[in-house]
Every structure is written in C-alpha cells, then in structure tokens.
Amino acid sequence: MALLPVTGTSPGAAPPFDRARLAQWLIFAITAALMLAPALPILLQVVVDRPLYSEGWQFTLDNIAQLVRDERIGRIALTTGLFALFSVVIAEVLGIAAALLIGRTDMPGRKVMGDVLMWPLYLSHLIFALGWVVMYGPSGFITQSIAQQMGGTAPWNLYSIAGMSVVAGISQAPLAYLYCLYGAVRSVDATLESAARTVGAGPLQVLRKVTLPLMIPSIITSTALNLVIAVETLSIPLFLARPARIDTLSTFLYGEGIAASNPNHGLVAASSLLLMALVGSTLIVQRLLLRHGHRYETVKGKGTRPMVLSLGKLRWPLAGLFAAVLLATVVVPIAGIILRAFTSFLSPLVPVSKVLTLNNFTKLFADEANIRAIWNTVEISLLSASLGTLLAVAVALVIQRSDFRWAGTLEALAYSPRIVPGMITGLGIFYAAVILPPMGWLRGNIGIIVVAYVMATLPLALGVIQPAIVQIGRDLDKAARTVGADWLGAMRIVLLPLLKPALLGSFILLFVFHLKSYIIAIFLMAPGLEVMGVSMLSLWTNGDVGPLAAFASFQIVLIAVLLILARVLFKVKIYD
73 MALLPVTGTS PGAAPPFDRA RLAQWLIFAI TAALMLAPAL PILLQVVVDR PLYSEGWQFT
133 LDNIAQLVRD ERIGRIALTT GLFALFSVVI AEVLGIAAAL LIGRTDMPGR KVMGDVLMWP
193 LYLSHLIFAL GWVVMYGPSG FITQSIAQQM GGTAPWNLYS IAGMSVVAGI SQAPLAYLYC
253 LYGAVRSVDA TLESAARTVG AGPLQVLRKV TLPLMIPSII TSTALNLVIA VETLSIPLFL
313 ARPARIDTLS TFLYGEGIAA SNPNHGLVAA SSLLLMALVG STLIVQRLLL RHGHRYETVK
373 GKGTRPMVLS LGKLRWPLAG LFAAVLLATV VVPIAGIILR AFTSFLSPLV PVSKVLTLNN
433 FTKLFADEAN IRAIWNTVEI SLLSASLGTL LAVAVALVIQ RSDFRWAGTL EALAYSPRIV
493 PGMITGLGIF YAAVILPPMG WLRGNIGIIV VAYVMATLPL ALGVIQPAIV QIGRDLDKAA
553 RTVGADWLGA MRIVLLPLLK PALLGSFILL FVFHLKSYII AIFLMAPGLE VMGVSMLSLW
613 TNGDVGPLAA FASFQIVLIA VLLILARVLF KVKIYD
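Listed below in structure tokens is the structure:
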C-alpha cells in the first residue's frame, strides 16, 4: 500500500488559512498607509490652484512658478544652508571632543560632564532657545551684566545667523556625542592605540591619529542627522532670527502657513518639497559616503577592552575648559529659565530677591487652555508611545524574522519619515484628513495628532528595537517552529518576552520625545487640541515671557521626573 505524504491536510482539501501571512500583509498595509497618506496630499496641493479643502480646484503649475519667481526663496535657502552648516560644525566639534575626552581619557569629572551635555537632548529647541534669550539676548541677564562693564555696549548679537547657529549647535551636540561615543570611541580595538603608544605617541596624538580617523562613519551619520534637524528646526530661528528679519525655510513655512491670516497653501506645499529635497539629498550623500564603511572595522571575533588614555598634566586644564563651556552654554540657559519663572522680571540692575513671585505660575494655571494642553500632551504621548512601539516591533519582526516577500519595501517605507521634516508631516496629515474619507473621522480629536506622531517617530522606535532583535539568535524562534508554532506563535512566545527591555526603552524614548514635541502638531491645532509646545509658542508670540518660563520650567520638571522614574524603577536610560 502506497504511503500518502504527510501535509497536515487531506488530499484535495483547500490549503489551511495562513494567519501569519495575513498578519504580515496587514502590518505592511498599515505602514504603507501611514507613510504615504501625508505625502500624497502634499504632492497634490503643489499642482492645484486652491486649498484642497476648497471646491472646484483645478490642476496648475502656478505654485511651482510662484516659488521660482519669489525673490525671497533664494535668500532664504542660502540662510538655511549657512545656518545648518554652522550649527552642524559646532555640534560635531563639541560632540566629537566630548566623546573622545569622556569616552577614552582619565579627565576628572567626565561622568558628570557627560550627563550635563545630554540635558539639551531632553528639552525641546523652544525651551533651550528661551533660556538663551533670557540670559544672552539683547536684554538678557548676562548680556546686560557685561554691557554695564563695557559702557553699555552689548558684547554679542544673539539675533543673528551666528547666534542661532551657536544655540542650535549646542542643542544638537548630544547626538554627535552619542553617535561617536557608542558607534566608535568605545568600540575601537585598544591594540591599535597601544601600538601607537609603544612608538612614542602621546595621548592627544593617539586620539587624533588613531581614534579620530576610525570615527569617520559615526561622524558622517551624526552630521547627516544634525543637518536634517537644523534644516527643519523652527523655534530657534523663530526666536533668534525673526527679530532681525532673517528667515529660514521653516520660519518661512510657519509665516506663510500658520501665522498668515490667509495662508498660501500652494506656496507652502511647493516650499515643503524644497525642504524635503534638501533633507533627502543629505541622506543620499550620507549613504554614498558610507558605502565603504567596512574599511573602518576594527572589532572582529576576538573581544577587546577599551583602554583609558592618561592625559597627564592636561587632565585638569581640559576638565576646567570643558566644564566652563558646559556651564556657559547649557547650565546657565536652563537656570535662567527657572529663575525667570519665579521673578516678575530679570535684570542685573535689580536684586533677584526683590522681584521673586509666583504670579507666573498662577497666571499659567489659571488658564484652562494651558491645563488642557498639559493633559492633552500627556494623553497623546502615552497613546503615541504605546502605538508607536507596537507598530515598530511588528515592523521590525517582519523585516528581521520573516520570509515576507516585500520586507525590503516595508523597511524603506518605515524609514521614509527621515526625509519628511516634522512640520511637513503635520501639514500632510492635515491635508489627508481633509481629502481622504478614512482619515476624516480623526479631525477634531487627538487621534489626528497621535497618528502624526506615530508616523513621524517610527524610525526612532525602530532604531531601538531592530538592534535588539538582531542580537537574538535565530535558533530560538526556529526551535519554536519545529514543534508546531507558526510565525505569529514563535514571535509571541519566543521573541516578544526577550524584547521587553527594548520595548520599554522604546516607549520611554518616544514618550519623552512626544512630551517635548510641537512642530508636528502645529498644522493640526484646533480649539480643544492644544499641546504644551504649541501653547508655549503662542505665549512667546504674545510676549508673555513670565508664564512661558513657568510653563517651560514645568515641562523640564515633568521630563526630569519621568527620566528618574524610568532609571530607578525600570532600569531604563535614554543612553548608557
């Protein structure tokens, strides 16, 4: 008697329902919808003659022609380029120096200084810019204190391209520091540095001739990321450049779209494409420069332990110099915000003790819109961080642990928000909610902001979860498959429990990011949908510096408490 093959079904029966494939296609469809929904309406708005929410629009190329003819665009693009270039140079120099000194030398106090350097990462650009205005602006406390000693002449002009480049550079230095510290400095083969020392090279020569060249891939990556952030940042040029009638592409979009009484949607959409082109070209150059990244590999199969280089007599001078830089650029601005929150005004001519008050907090919390903004922000952050982490782990598992045919396309879609600045994401979601019926129900509730946040920060969550999946051996889920589990079962039973630390880290990272975020929500604001960042921007526009400082101080405390709880209760740190 011939034996029938064991297939799990009787001959002639229909194939079993493949729930794993259905789940993979569902993840692909959700990701594609989230990524494409904002982009397509923006492209459509570029080629129509009126806002998408108006009736009777027709196709036209006038918006592009208007962009080309506008005399301001060339000047604005040049200003944006200079601002991005200068800020990135400052961020990279400070970040690279910090990574070398903190990561590989015996400089005193390096652990504390590394923590202080990270502070701007936890704060929004809006808050950091406010601190600089309070302390170093034309009427700032430090500026006026020094001006008194110089006969009334201000020693610097913060309201300039140079001024806003310094502020942006300091705020972006933590990213350069982290990429260089963990991407290269702590993974360099110590034998290379030891070899340099044996032939007479001093500690600074070793750092300059051995360690620094091996950091090139990390420098390229952090440079590209900081360029993208500089191009899309709004609050720093809005606070520091607008008073001097200097515009960047982001402030131009804000002025033509949000601040204008009659927004020019066609010009805003066309300008958005220009902004996306700048960001996209930056990322393309990054990929081209990293094509031969394998040439910088130094850690092979044999483990190495990074060595600590002795600075000798330079230990204390370098520590003093680095501490002075951090004190002036990070500690003083943040302290200035808190001090301004508890004073009616801040001036070196009047003792602080005579102007202490709680009126700023009283005025802040007396406004129901501000209370609503706080609760909205916390609720949106919780929902966005939860949904974003769930989507990220689902996408990462399909990419890394499945035979899904379109896994490569899924990965490209998931990382596509990197080329779409946050303000453009919000604008695209706004248009999508107007013209796409499935998204229409999101209008008028916090769901529209949650969707925008999840979409924009998916690459951030993937950056935490994907490396954790790669570190888990494939034999574990293969073993589950051999005993009858399908793909969904293997991922749920084996992978997800092992990914709990990464999932928690992703949630905390997204929650902090969403608490301080506001650019994405600017185009999505409506009565009842206020968030803290946009409310603070409104306070600045109205000149309410005291309540703004109080609001900023409240957000600083909120984020600090969250980070402390995450570290103490869950042993989760934004960086190690």
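For the sequence shown, the residue numbers in our numbering are 73 to 648.
Note that beta-carbon positions come from the ideal geometry of N, C-alpha and C, so glycine has one too.
Remember, it's a predicted structure, so these values are computed and weren't measured experimentally.
Asked: Within 8 Å, strictly: CB atoms of P489 and T481; Found: no
Asked: Buried versus exposed, by CB contacts within 10 Å (16 or more), I356; Found: exposed
Asked: Residue range of the unbroken alpha helix (DSSP H) whose run includes A313; Found: Here A313 belongs to no alpha helix (DSSP H), and DSSP marks it neither H nor E.
Asked: Neighbour-count burial assignment, I503, 16 or more Cβ in a 10 Å radius; Found: It is worth fixing the name first, because residue 503 is Tyr in this sequence and not Ile. Burial call: buried.
Asked: Inter-residue Cα distance where the pair is R568 and F579; Found: For the sequence presented, residue 568 should be read as Leu rather than Arg. Going by the C-alpha atoms only, they are around 14 Å apart.
Asked: Beta-carbon proximity of A464 to L530, cut-off 8 Å; Found: yes
Asked: 8 Å Cβ cutoff met for A104 and L485; Found: yes
Asked: Coil, strand or helix - F583 by DSSP; Found: helix
Asked: Ordered list of alpha helix (DSSP H) runs contained in the segment 77–150, each at least 4 residues; Found: 91–118 and 134–141
Asked: Ordered list of alpha helix (DSSP H) runs contained in the segment 561–623, each at least 4 residues; Found: 572–588 and 604–613
Asked: D90 classed as buried or exposed, judged by whether at least 16 other C-beta atoms fall within 10 angstroms; Found: exposed
Asked: Sequence-distant residues of its chain with Cβ nearer than 8 Å to E328 (five each side left out); Found: P335, N336, L339, V340 and S343
Asked: Contacts around S237, its chain only, beta-carbon distance under 7 Å, and the 5 residues preceding and following it disregarded; Found: F155, F158, S159 and I162
Asked: Whole-angstrom distance between V633 and V640, CA atom to CA atom; Found: 10 Å
Asked: Element boundaries [alpha helix (DSSP H), containing Y194]; Found: W191 to Y194
Asked: Endpoints, the alpha helix (DSSP H) within which W204 is located; Found: H197 to Y208
Asked: Other residues of its chain near R367: CB distance less than 7 Å, five sequence neighbours each side excluded; Found: Bear in mind that the predicted position of R367 carries a pLDDT of just 47, short of 50, making it too unreliable to give a figure here.
Asked: Segment contact flag, the segment 533–544 with the segment 115–123, C-beta cutoff 8 Å, min 3 pairs; Found: no
Asked: Cβ distance (whole Å) where W478 is taken to contact F100 below 8 Å; Found: 6 Å
Asked: Straight-line gap, T429 to V206 (C-alpha atoms, nearest Å); Found: 17 Å
Asked: Assigned exposure category for I636 - 16 Cβ within 10 Å defines buried; Found: exposed
Asked: Close beta carbons around N448, own chain, < 7 Å, minus the five adjacent residues each side; Found: I518, L601, E602 and V603
Asked: C-beta atoms of L190 and P123 nearer than 8 Å; Found: As written in the sequence, residue 190 is Met, which differs from the Leu given in the question. No, Cβ-Cβ distance for M190 and P123 is not below 8 Å.
Asked: DSSP-derived helix/strand/coil call for L428; Found: strand
Asked: Best match in T151, A445, T613 and L571 for proximity to L347 [C-alpha to C-alpha]; Found: T151
Asked: Among L571, L172 and D475, nearest to S290 - alpha-carbon criterion; Found: L172
Asked: Chain-order list of residues whose beta-carbon lies under 7 Å from that of T305 (same chain, five-residue window excluded); Found: H197, A240 and S322
Asked: Distance, N432 Cα to T415 Cα; Found: 8 Å
Asked: DSSP three-state assignment for L381, whether helix, strand or coil; Found: strand
Asked: Through-space distance from R546 to E143, alpha-carbon basis; Found: 58 Å
Asked: Beta-bridge partners of T415, as assigned by DSSP; Found: L428
Asked: Residue(s) in a DSSP beta bridge with T177; Found: L381
Asked: Three CB pairs or more closer than 8 Å across the segment 390–402 and the segment 177–186; Found: yes
Asked: Assigned secondary structure, M185 (DSSP; H/G/I helix, E/B strand, else coil); Found: helix
Asked: Alpha carbon of L250 to alpha carbon of H586, nearest angstrom; Found: 20 Å
Asked: Nearest to Y125 (by Cα), restricted to the options S474, D134, Q244 and L508; Found: L508
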